[in-house]
Every structure is written in structure tokens, then in C-alpha cells.
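Before any comments, here is the structure.
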Amino acid sequence: MIGGAVGRGEKTREERIVRALRQPPEELEVRGARRWRGVDEQWKSWLRGSATALELYTRRQEADEYRHLLGDDAYRDQLIEVLSRAVPRDCAAAGFGCAQRIDRPCRQPAVCARDRPCHAYYLEHGTGHVWIDFSPAGRHRAVLWWDRANAGRLWVDGQPVGDGIVLDSVGRWVDDRFYTVQAAGPDDHPAQEWEMGGLGRRIRSLLLYDAGHASARLLVPAAGESWTDPWVSRDGGSLRVHADGDDAIGRTP
């Protein structure tokens, strides 16, 4: 009886698909209005001129359909490839949230259409979010893909960085060369404690990426250092690592 119920359910699903495919297509005006109803009028001209923005919009709007064909991993990899050639206005026109209001698409095209209005953009995906961070001069793009199961993964200019390292959900550019992301600190650190949050640890390390040399380095606190919110500043030709927001001195890595 159970088998019969399952079989009938499968048949019903197949019948629904066949019935839908047999329906005559709607008029172009109806299909077009439905497909592009989420585009702000002021962004339509940008979409007409940018194939990258148009692809980002489509992949955002039809994420479920893309995943149905590609699967989660291929959907992620292809989206990251597109983001690695995007400019900020592509993300804004595609309806991503920006660093000013990450909870909704840009509703002020007159602002976001200017050069470099926002440095970072945000998009929800099935199990988390993706954070796109442009360097100050726009030469480089960092893409952090975060999900609840695997924490954060980083790509810079389309290349994976820090594989195997548990990363936070957002990062920051120090300047146009160096990018940093907080990472899980060592489990055997004397001050380490488990806590709520993306990394789940009180003591943190810091992943430092050098876009000038396409190289990465994981900075780890010593036993006597309590890095609870580490960040990096640049002082002339030197970098300094600060343990938290109150650490004005820091140390040279």
C-alpha cells in the first residue's frame, strides 16, 4: 500500500509536468513583464549594456532552476566565476544588497550608479550568503561564500584561497593589495572558548592575502596573545596586527 502511494505520487508529479509543458506559451509581453518585474527602471539601461550584470540578475532570480540543472557545487562555482569579472554596478543592477543595506536590493540607483559608491555586496543563497568585496581601486575582487555547514570559503580574482581553513562570513581590504578574513583560532590556545557565531570560537586567527603576489598567510596568535577581533592596519611599508578594536598599537606580523 505504501509502495502504491509512492508510485501514484510519482505519476501525479509526472502528469503535472507533462500538463504544464503542453500549455500554450503566454504572450511575450506577459512573459517579459514577469521575468523582469524585479528590475528597477533606472537599472534597465545598465542591464542592456552589461552581459555580466544580466547574467548575475538571472542567476539570482532563477537560483532554484539553475540548481535543479547544475547542483549546488556547480551553481556556486559558476556564480563565483561570473562575480570574478563583475564591477560594482553589475552587482547593484542585479539586485544584490550593498554594504549600506545588506538586507535588500539597491533602491537608490541614482547613488549606486556613481563610480565606487559601495565597496561590498551581499546575496543570500540556499544555505547562507555570498559576500563580494571590491578593493579600493577596483583592481581585485574577493568573494566569500559562507554556508551553515562548511563556514566560509574565499576566492580572490577567481582563485581559491585558504582551502581547509575555517573562515568568517565577511572580510575587509586593508588597501588595494591586502585582504583579511578572520579565521578559527587554535583549539589548544590557553584562552580559547567555544561561543555562538559563525566561527564558534572566542580566540581567532587572521588570514592575510597579498593580491600583489597572489599569496596567503595564516596569522595565528601566540599563547600569550588574545586575538578576539583581529584586524590589520598599514603603517607606511609595514603591516600591524591588532588583537581587537581597542588595540591601537598592534604588532608586526
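First residue of the sequence shown: 4, per my numbering; consecutive thereafter.
Every residue gets a Cβ at the ideal spot worked out from N, C-alpha and C, and that includes glycine.
A quick note: this is a predicted structure, and the numbers were derived from the prediction, not measured.
Residues of its chain near residue i, where Cβ-Cβ distance is below 6 Å and the 5 sequence neighbours each way are ignored
i, result
"Ala89", "Thr55"
"Leu57", "Leu50"
"Asp190", "none"
"Gly269", "Outside the modelled stretch of the chain, which goes from 4 to 256, sits residue 269, for which no answer is possible."
Rounded straight-line distance, which links the Cα of residue j to that of residue i
i, j, result
"Ser1", "Ala187", "This structure leaves residue 1 out entirely; the chain is present only between 4 and 256."
"Val235", "Asp43", "38 Å"
"Leu143", "Ser87", "The sequence shown places His at residue 143, not Leu. Straight-line Cα distance between these residues: approximately 8 Å."
"Tyr60", "Glu30", "22 Å"
"Lys47", "Val85", "19 Å"
"Ala123", "Trp148", "13 Å"
"Arg151", "Trp134", "14 Å"
"Pro139", "Ala95", "17 Å"
"Gly141", "Arg92", "12 Å"
"Val33", "Gln81", "29 Å"
"Ala251", "Leu209", "17 Å"
"Gly248", "Ala226", "20 Å"
"Gly52", "Pro27", "32 Å"
"Asp1", "His192", "As shown, the chain starts at 4 and ends at 256. That puts residue 1 outside it, with no answer to give."
"Gly100", "Val159", "20 Å"
"Pro224", "Lys14", "59 Å"
"Arg204", "Thr231", "9 Å"
"Pro163", "Glu65", "25 Å"
"Gly200", "Gly174", "15 Å"
"Leu126", "Gly74", "18 Å"
"Gly167", "Leu72", "28 Å"
"His128", "Glu18", "30 Å"
"Arg38", "Pro233", "44 Å"
"Asp213", "Leu157", "13 Å"
Proximity test, Cβ basis, 8 Å: residue i and chain C
i, result
"Leu170", "The structure shown contains no chain C; it is built from a single protein chain."
Neighbourhood of residue i by C-beta distance below 8 Å, restricted to the same chain and skipping five residues each side
i, result
"Arg237", "Val177, Asp178, Phe181 and Arg243"
"Gln103", "Cys121"
"Arg16", "none"
Residue i, buried or exposed, once every other Cβ within 10 Å from all chains shown has been counted against 16
i, result
"Ser218", "exposed"
"Thr130", "exposed"
"Val9", "Residue confidence is low: Val9 scores 48 on pLDDT, short of 50, so the model does not pin down where it sits. Its coordinate-derived value is still stated next. Exposed: under 16 other Cβ atoms inside 10 Å."
"Thr183", "buried"
"Ala145", "buried"
"Gly240", "exposed"
"Arg254", "exposed"
7 Å CB neighbourhood of residue i in its chain, flanking five on each side removed
i, result
"Gly98", "Gly41, Tyr60, Arg63 and Pro108"
"Ser229", "Ala194, Ile206 and Ala246"
"Arg220", "Leu211"
"Val169", "Ala154, Ala186, Ala187 and Leu202"
"Tyr69", "Arg62 and Tyr78"
"Leu222", "Ser208, Leu209, Leu211, Val244 and Pro256"
"Trp197", "Gly203 and Arg204"
Unbroken beta strand (DSSP E) runs of length 3 or more, entirely within the stretch 137–194: which are they?
144–150, 154–159, 162–164, 170–176 and 181–187
Runs of 3 residues minimum, wholly inside the stretch 18–59: which ones carry the beta strand (DSSP E) assignment?
none
At 4 residues or longer, and completely inside the stretch 56–95: list those alpha helix (DSSP H) runs for me, N to C.
66–73 and 75–86
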